[in-house]
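Asker: If you read the sequences in order, they're chains W and X.
Residues in the first sequence are numbered consecutively from 19, following this note's numbering.
Residues in the second sequence are numbered consecutively from 19, following this note's numbering.
Ideal placement from N, C-alpha and C gives every residue a C-beta, glycine not left out.
Protein chains: 2
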Amino acid sequence: MQVPFWDERIETASRGDLEALQLERLKKVVDSAFKTPFYKKRLAKAGMSSSDDIKSLEDLKKIPFTTKDDLRKSFPKGLLACDMDEVNRIHSSSGTTGIPTVIYFSGEDVDTWTDLVARCVVCTGASKKDVFQNMMTYGLFTGGLGLHYGAEKAGMTVIPVSSGNTLRQVQIMQDFQTSVVHATPSYMLHIRTVLDENDISLKQLNLQKAFIGAEPHSENVRKKIEELYNIDAYNSYGLSEMNGPGLAFECVHKAGMHFWEDGYIVEIVDPETDENLEDGEPGEVIVTNLIRHATPLMRYRTRDLASILPGQCECGRTHRRLSRIKGRTDDMLIINGVNVFPSQIEEVIMKIPEVGTNYQICLDKQGALDRLTVQVEIYSKMFTGSAGELENLRHRIVEKLKGTITIKPLVKLHEPGFLPVYEGKAKRVIDERPKDEQ
Amino acid sequence: MQVPFWDERIETASRGDLEALQLERLKKVVDSAFKTPFYKKRLAKAGMSSSDDIKSLEDLKKIPFTTKDDLRKSFPKGLLACDMDEVNRIHSSSGTTGIPTVIYFSGEDVDTWTDLVARCVVCTGASKKDVFQNMMTYGLFTGGLGLHYGAEKAGMTVIPVSSGNTLRQVQIMQDFQTSVVHATPSYMLHIRTVLDENDISLKQLNLQKAFIGAEPHSENVRKKIEELYNIDAYNSYGLSEMNGPGLAFECVHKAGMHFWEDGYIVEIVDPETDENLEDGEPGEVIVTNLIRHATPLMRYRTRDLASILPGQCECGRTHRRLSRIKGRTDDMLIINGVNVFPSQIEEVIMKIPEVGTNYQICLDKQGALDRLTVQVEIYSKMFTGSAGELENLRHRIVEKLKGTITIKPLVKLHEPGFLPVYEGKAKRVIDERPKDEQ
Numbered sequence: 019m020q021v022p023f024w025d026e027r028i029e030t031a032s033r034g035d036l037e038a039l040q041l042e043r044l045k046k047v048v049d050s051a052f053k054t055p056f057y058k059k060r061l062a063k064a065g066m067s068s069s070d071d072i073k074s075l076e077d078l079k080k081i082p083f084t085t086k087d088d089l090r091k092s093f094p095k096g097l098l099a100c101d102m103d104e105v106n107r108i109h110s111s112s113g114t115t116g117i118p119t120v121i122y123f124s125g126e127d128v129d130t131w132t133d134l135v136a137r138c139v140v141c142t143g144a145s146k147k148d149v150f151q152n153m154m155t156y157g158l159f160t161g162g163l164g165l166h167y168g169a170e171k172a173g174m175t176v177i178p179v180s181s182g183n184t185l186r187q188v189q190i191m192q193d194f195q196t197s198v199v200h201a202t203p204s205y206m207l208h209i210r211t212v213l214d215e216n217d218i219s220l221k222q223l224n225l226q227k228a229f230i231g232a233e234p235h236s237e238n239v240r241k242k243i244e245e246l247y248n249i250d251a252y253n254s255y256g257l258s259e260m261n262g263p264g265l266a267f268e269c270v271h272k273a274g275m276h277f278w279e280d281g282y283i284v285e286i287v288d289p290e291t292d293e294n295l296e297d298g299e300p301g302e303v304i305v306t307n308l309i310r311h312a313t314p315l316m317r318y319r320t321r322d323l324a325s326i327l328p329g330q331c332e333c334g335r336t337h338r339r340l341s342r343i344k345g346r347t348d349d350m351l352i353i354n355g356v357n358v359f360p361s362q363i364e365e366v367i368m369k370i371p372e373v374g375t376n377y378q379i380c381l382d383k384q385g386a387l388d389r390l391t392v393q394v395e396i397y398s399k400m401f402t403g404s405a406g407e408l409e410n411l412r413h414r415i416v417e418k419l420k421g422t423i424t425i426k427p428l429v430k431l432h433e434p435g436f437l438p439v440y441e442g443k444a445k446r447v448i449d450e451r452p453k454d455e456q
Numbered sequence: 019m020q021v022p023f024w025d026e027r028i029e030t031a032s033r034g035d036l037e038a039l040q041l042e043r044l045k046k047v048v049d050s051a052f053k054t055p056f057y058k059k060r061l062a063k064a065g066m067s068s069s070d071d072i073k074s075l076e077d078l079k080k081i082p083f084t085t086k087d088d089l090r091k092s093f094p095k096g097l098l099a100c101d102m103d104e105v106n107r108i109h110s111s112s113g114t115t116g117i118p119t120v121i122y123f124s125g126e127d128v129d130t131w132t133d134l135v136a137r138c139v140v141c142t143g144a145s146k147k148d149v150f151q152n153m154m155t156y157g158l159f160t161g162g163l164g165l166h167y168g169a170e171k172a173g174m175t176v177i178p179v180s181s182g183n184t185l186r187q188v189q190i191m192q193d194f195q196t197s198v199v200h201a202t203p204s205y206m207l208h209i210r211t212v213l214d215e216n217d218i219s220l221k222q223l224n225l226q227k228a229f230i231g232a233e234p235h236s237e238n239v240r241k242k243i244e245e246l247y248n249i250d251a252y253n254s255y256g257l258s259e260m261n262g263p264g265l266a267f268e269c270v271h272k273a274g275m276h277f278w279e280d281g282y283i284v285e286i287v288d289p290e291t292d293e294n295l296e297d298g299e300p301g302e303v304i305v306t307n308l309i310r311h312a313t314p315l316m317r318y319r320t321r322d323l324a325s326i327l328p329g330q331c332e333c334g335r336t337h338r339r340l341s342r343i344k345g346r347t348d349d350m351l352i353i354n355g356v357n358v359f360p361s362q363i364e365e366v367i368m369k370i371p372e373v374g375t376n377y378q379i380c381l382d383k384q385g386a387l388d389r390l391t392v393q394v395e396i397y398s399k400m401f402t403g404s405a406g407e408l409e410n411l412r413h414r415i416v417e418k419l420k421g422t423i424t425i426k427p428l429v430k431l432h433e434p435g436f437l438p439v440y441e442g443k444a445k446r447v448i449d450e451r452p453k454d455e456q
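In structure tokens, the structure reads:
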């Protein structure tokens, strides 16, 4: 399958050309970094005095990692590399709780970001023929405005609905025959139950594609969404520190997410030893933004776990691909001494056809021991209602989970609609164990 | 006071040049209108067969009015003048209740809209030196994205907060030393009480300007906002049918809102006889959009009541000015046979210094008679707490209202924070009279 390119020359550039461009842009970003109080100090400490210290891409390793904590400690202007006059956009995680972080964008920074998002949209085959309903929150969260700008630039018909009000979303999908949506995977699953509840058939919709992102999800959740709607669902990866969406996106082949190597340098490191790993080896994703100069960020520790997929994609794009995010360095659960990633649990239960569209992982203490309870909504159309049937399903889920995570969980089944729904990022893990005993 | 122009040539164009441009653009809009099912029929019925029927601006009167009801009946595509391929944005009032309306924009339509909003922003003296916190809802509502695009184009530092979460808004105002905000007047008043409640002084802020719009408000509300914050507040007028913001805006002289005559033809008509009125005479605002081709709208009945101010503005802009919106043709209340506009009540109470930042107008029946109750929050800092003081204020409000609206209302005083707060458009009138008796 071949789809048009957004910018064929750059998307199919040779490795040599890409690396030459990366080096040129890295040097410019280092120049910008030296203008910030944070990097001026940090780079000096690492023995660097200017971008002249970067003579090859190998020299990237001279630059120390930057962490979320560095961002927080630099609030509000420690990572600002230009006059405020030149800043055209601010995205901040500021709030009344927690220490805020901020990313500044110049007008050019917004433009280059937008261009990469347009590239993402186009590589899924989406075009100006599509009606695009953006269900992600518009505002300081970069997911909403980021995709809005990119889809607009790609010429799609953008309906900026923002998040929430599912009945209205569904009405708009019908009224305008929306062909592409952007939502979190959990919200996509939720909408499907709302369609059922309101007797709206897929024939009344014109849905063909979903861009899903903003929360980690398993391959089986993607498959579930694709089957429930009979559409293609494309995985999107980004994080607000790296602009937001536009970092990496699946093309029509859905075989990993192309990360745009003219915009970002992605490294994978062993989160314990900080050693760089080879393509194919899983580790922590480290990203250097090559196209943002108001807030340069280099070798940023995303805490996301993934690998770079070896080999070329059939689509012809030479930019390498990132695997699905397997989890985060900090979301691993230790349950009675056993390491468990929530994604492992999701992977298992979402493969079971009788399981519905929502689940939750709960942890608490029973005496001295941790107790894992997996709450699962059933897909009610597959049941006649007999208790034996349900007990059989429950038993199967317990056994399958035990086979993967080695722990035997408690499994509770619920009617559709029982578990809480999140319009933004879903909260899948409720850990009620006392903090000091974990 | 002189501030830079956004587009000096067009903003200071002679009347003759403006009218020549209007005629040229009107003909093009008529061409677009003939491509829509709605206007094809409507214009034919009016004896028109092409834009050749428009030979002078006087011929505008050949075109029949278009109403909100026409828009509703044309949903979804009766007013679409191009292929969906060319549509780049949809704004819709669609919902689960009420009949939706929709406005389509081509990419060029969005660009010309954005350019007019940038012109609005710049005529208040705002520039790339300003940090702009946009507190209007982002999404299908045009107020949020409309100002966002215009402020961005004007080079301001845009913080796209969207509406809600007042404590967070206030925190961001402090963190980034916001100099310009965009909000409804009622929300501006509300934020001031939140500052007081949290002991945040104006010195901790850097606020200099507010763009206020999206709900009708009186001159005294503007003055109250200006005094409470020690800032300049600029009135913005627009409606989603006419793109949203960008239709008319006050310049630094705050002497009426310049409506951009290269983008819109504004007429004032007697709402009863439909006769065109002279400048200075109040009537219903009728607007023809000259710059949107995906959904052309001509001689649209806004139901807003205002007048065109005679004379030239000191700022040098030749585009005429609209008075403050006095009310809507459909918001007049008939109370025991007397015509009362909510704006009259607001005008009276907001001039009284002891009155706080929120009020509500309630109507119900007492036996056969209508009963008008005006609920008013007090400005608590001006009171020692004695009952006499409050009774004295209450009495003064009753008398002042009676002097203006001729009816003697019941007035109830409340502590700040008693009345409901609206983050979007305030609901000022609660009419609980049985519908068939009004």
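1. What are the boundary residues of the beta strand (DSSP E) that Met275 (chain X) is part of?
2. Mind checking Asp148 (chain X): buried by the 16 CB within 10 Å criterion, or exposed?
3. Compute the Euclidean distance between the alpha carbons of Ala62 (chain X) and Leu225 (chain W), then round it to the nearest angstrom.
4. How would you list, in chain order, the residues of chain W whose beta-carbon sits under 7 Å from the beta-carbon of Lys147 (chain X)?
5. Is Val47 (chain X) helix, strand or coil by DSSP?
6. Using a Cβ-Cβ cut-off of 7 Å (strictly less than) and excluding sequence neighbours within five positions of Gly182 (chain W), which residues of its own chain qualify?
7. Whole angstroms are fine: how far does the CA of Val188 (chain W) sit from the CA of Ser217 (chain W)?
8. Mind listing, in chain order, the continuous beta strand (DSSP E) runs of no fewer than 3 residues lying wholly within the segment 260-332 of chain X?
9. Using a Cβ cut-off of 9 Å, pull out every chain W residue sitting near Asp193 (chain X), in sequence order please.
10. Using a Cβ cut-off of 8 Å (strictly closer), state whether Arg339 (chain X) contacts chain W.
11. Give the straight-line distance between the Cα atoms of Lys242 (chain W) and Lys369 (chain W), rounded to the nearest whole angstrom.
12. State the DSSP-derived secondary structure class of Asn238 (chain W), mapped to helix, strand or coil.
13. Three-state secondary structure (DSSP) at Asp449 (chain W)?
14. Leaving out five residues on either side along the sequence, give the residues of the same chain with a beta carbon under 7 Å from the beta carbon of Tyr122 (chain X).
15. If you draw a straight line from the alpha carbon of Pro203 (chain X) to that of Thr184 (chain X), how long is it in whole angstroms?
16. For Thr85 (chain W) and Leu213 (chain W), what's the separation of their Cα atoms in angstroms?
17. What does the Cβ neighbour count give for Arg33 (chain W), buried or exposed, with the cut at 16 atoms within 10 Å?
18. Between which two residues does the beta strand (DSSP E) harbouring Phe229 (chain W) extend?
19. Mapping the DSSP letters down to three states, classify Ala386 (chain W) as helix, strand or coil.
20. Taking DSSP as the reference, what is the three-state secondary structure of Lys369 (chain W)?
21. Straight-line CA distance for Glu455 (chain W) to Gln378 (chain W)?
22. Using a Cβ cut-off of 8 Å (strictly closer), state whether Thr391 (chain W) contacts chain X.
23. May I ask which residues mark the beginning and end of the beta strand (DSSP E) holding Thr142 (chain X)?
24. Considering only residues of the segment 148-173 of chain X, which uninterrupted beta strand (DSSP E) runs meet the minimum length of 3 residues and lie entirely inside it, listed in chain order?
25. Residue range of the alpha helix (DSSP H) that His413 (chain W) falls in?
26. Consult DSSP for Ala38 (chain X) and reduce its assignment to one of helix, strand or coil.
27. Starting from Arg27 (chain X), trace the alpha helix (DSSP H) in both directions and tell me its first and last residue.
28. Considering Cα atoms alone, identify which of W:Arg60, W:Asp88, W:Lys91 and W:Glu42 is closest to Asp70 (chain W).
29. Can you give me the start and stop residues for the beta strand (DSSP E) that Asp250 (chain X) sits inside?
30. Could you check how far apart the C-beta atoms of Arg60 (chain X) and Pro82 (chain X) are, in whole angstroms? I think they sit under 8 Å.
31. By DSSP, does Arg342 (chain X) sit in helix, in strand, or in coil?
32. Please state if the CB of Leu340 (chain W) and the CB of Ile326 (chain W) are separated by a distance shorter than 8 Å.
33. Output the boundary residues of the beta strand (DSSP E) element that contains Val179 (chain X).
34. Give the straight-line distance between the Cα atoms of Gly301 (chain W) and Arg342 (chain W), rounded to the nearest whole angstrom.
35. Buried or exposed for Thr114 (chain W), going by 16 or more other Cβ atoms inside 10 Å?
36. Name, in chain order, the residues that DSSP records as bridge partners for Arg107 (chain X).
Answerer: From the atom records:
1. Residue 275 (chain X) sits at position 257 when you count from the first residue of the second sequence. From DSSP, the beta strand (DSSP E) with Met275 (chain X) extends over Met275 to Phe277.
2. In the second sequence, the residue the question calls residue 148 (chain X) occupies position 130. Under the 10 Å beta carbon count, Asp148 (chain X) is surrounded by 16 or more other beta carbons and is classified as buried.
3. As a first step, residue 62 (chain X) must be located in the second sequence, where it is residue number 44. As a first step, residue 225 (chain W) must be located in the first sequence, where it is residue number 207. Cα to Cα, Ala62 (chain X) sits roughly 37 Å from Leu225 (chain W).
4. If you number the second sequence from 1, residue 147 (chain X) lands on position 129. The answer, in chain order, is Asp103.
5. Mapped onto the second sequence, residue 47 (chain X) falls at position 29. Look at Val47 (chain X) here: in three-state DSSP terms it is helix.
6. The residue labelled residue 182 (chain W) in the question sits at position 164 within the first sequence. Glu441, listed in sequence order.
7. For the purposes of this step, residue 217 (chain W) is identified with residue 199 of the first sequence, where counting begins at 1. For the purposes of this step, residue 188 (chain W) is identified with residue 170 of the first sequence, where counting begins at 1. At residue 217 (chain W) the sequence reads Asp, which differs from the Ser that was named. Rounded to the nearest angstrom, the two C-alpha atoms are 12 Å apart.
8. The qualifying runs are 262-268, 275-277, 282-287, 301-307 and 318-324.
9. Here residue 193 (chain X) corresponds to residue number 175 of the second sequence, with the count starting at 1. What Asp193 (chain X) touches in chain W: Phe93, Pro94, Ser110, Ser112, Pro118 and Val120.
10. For the purposes of this step, residue 339 (chain X) is taken as the residue at position 321 of the second sequence. No - not a single Cβ of chain W is within 8 Å of the one on Arg339 (chain X).
11. As a first step, residue 242 (chain W) must be located in the first sequence, where it is residue number 224. As a first step, residue 369 (chain W) must be located in the first sequence, where it is residue number 351. A straight line joining the alpha-carbon of Lys242 (chain W) with that of Lys369 (chain W) spans about 8 Å.
12. What you label residue 238 (chain W) is simply residue 220 of the first sequence in a count that begins at 1. In this structure, DSSP gives Asn238 (chain W) a helical state, which the three-state scheme calls helix.
13. Here the question's residue 449 (chain W) lines up with position 431 in the first sequence. Strand, per DSSP.
14. The residue given as residue 122 (chain X) occupies position 104 in the second sequence. Apart from sequence neighbours up to five positions away, the residues of its chain that approach Tyr122 (chain X) with a beta-carbon distance below 7 Å are Leu98, Val105, Ile108, Ala312 and Thr313, ordered along the chain.
15. Here the question's residue 203 (chain X) lines up with position 185 in the second sequence. Here the question's residue 184 (chain X) lines up with position 166 in the second sequence. A straight-line Cα-Cα distance of about 14 Å links Pro203 (chain X) and Thr184 (chain X).
16. Taking the first sequence and counting its residues from 1, the one referred to as residue 85 (chain W) is at position 67. Taking the first sequence and counting its residues from 1, the one referred to as residue 213 (chain W) is at position 195. Between Thr85 (chain W) and Leu213 (chain W), the C-alpha separation is close to 42 Å.
17. Stepping through the first sequence from its first residue, residue 33 (chain W) is reached at position 15. The residue is exposed, with fewer than 16 neighbouring Cβ atoms inside 10 Å.
18. Translated into positions along the first sequence, residue 229 (chain W) becomes position 211. Element bounds for Phe229 (chain W): Lys227 to Ile230.
19. Taking the first residue of the first sequence as position 1, residue 386 (chain W) is located at position 368. Correct three-state label for Ala386 (chain W): coil.
20. Position 351 of the first sequence, counted from the start, is the residue given in the question as residue 369 (chain W). The answer is coil: DSSP assigns Lys369 (chain W) none of H, G, I, E or B.
21. The residue labelled residue 455 (chain W) in the question sits at position 437 within the first sequence. The residue labelled residue 378 (chain W) in the question sits at position 360 within the first sequence. Low confidence applies here, because Glu455 (chain W) scores a pLDDT of 48, under 50, leaving its location unreliable; read the following figure in that light. Distance between the alpha carbons of Glu455 (chain W) and Gln378 (chain W): 22 Å.
22. Mapped onto the first sequence, residue 391 (chain W) falls at position 373. At a cut-off of 8 Å between C-beta atoms, Thr391 (chain W) does not count as an interface residue with respect to chain X.
23. Taking the first residue of the second sequence as 1, we reach residue 142 (chain X) at position 124. Segment: none, Thr142 (chain X) is in no beta strand (DSSP E) and carries neither H nor E.
24. Listed in chain order, the complete beta strand (DSSP E) runs (minimum 3 residues) inside the segment 148-173 of chain X are 149-152.
25. Counted from its first residue, the first sequence places residue 413 (chain W) at position 395. Here the alpha helix (DSSP H) through His413 (chain W) covers Ala405 to Ile423.
26. As a position in the second sequence, residue 38 (chain X) is number 20, starting the count at 1. Assignment of Ala38 (chain X) by DSSP, reduced to helix, strand and coil, places it in the helix class.
27. Your numbering for residue 27 (chain X) matches position 9 in the second sequence. In this chain, the alpha helix (DSSP H) harbouring Arg27 (chain X) covers Glu26 to Glu29.
28. Stepping through the first sequence from its first residue, residue 70 (chain W) is reached at position 52. Ranked by Cα distance from Asp70 (chain W), the options W:Arg60, W:Asp88, W:Lys91 and W:Glu42 are led by W:Glu42.
29. The residue given as residue 250 (chain X) occupies position 232 in the second sequence. Segment Asp250 to Leu257, the beta strand (DSSP E) holding Asp250 (chain X).
30. Locating residue 60 (chain X) in the second sequence gives position 42, where the first residue counts as 1. Locating residue 82 (chain X) in the second sequence gives position 64, where the first residue counts as 1. Right, the Cβ-Cβ distance comes to about 6 Å (below 8 Å), so this counts as a contact.
31. Taking the second sequence and counting its residues from 1, one reaches residue 342 (chain X) at position 324. Coil.
32. Counting from one through the first sequence, the residue named residue 326 (chain W) turns up at place 308. Counting from one through the first sequence, the residue named residue 340 (chain W) turns up at place 322. A contact, by the Cβ cut-off of 8 Å.
33. Translated into the one-based positions of the second sequence, residue 179 (chain X) becomes position 161. Going by DSSP, Val179 (chain X) is part of no beta strand (DSSP E) at all; its letter is neither H nor E.
34. Your numbering for residue 301 (chain W) matches position 283 in the first sequence. Your numbering for residue 342 (chain W) matches position 324 in the first sequence. Distance between the alpha carbons of Gly301 (chain W) and Arg342 (chain W) is about 12 Å.
35. Counting from one through the first sequence, the residue named residue 114 (chain W) turns up at place 96. Annotation note: pLDDT 47 at Thr114 (chain W) (below 50); position unreliable, no value reported.
36. Here residue 107 (chain X) refers to the residue found at position 89 of the second sequence. In the DSSP output, where bridge partners are listed per residue, Arg107 (chain X) has W:Val176 and X:Phe123.
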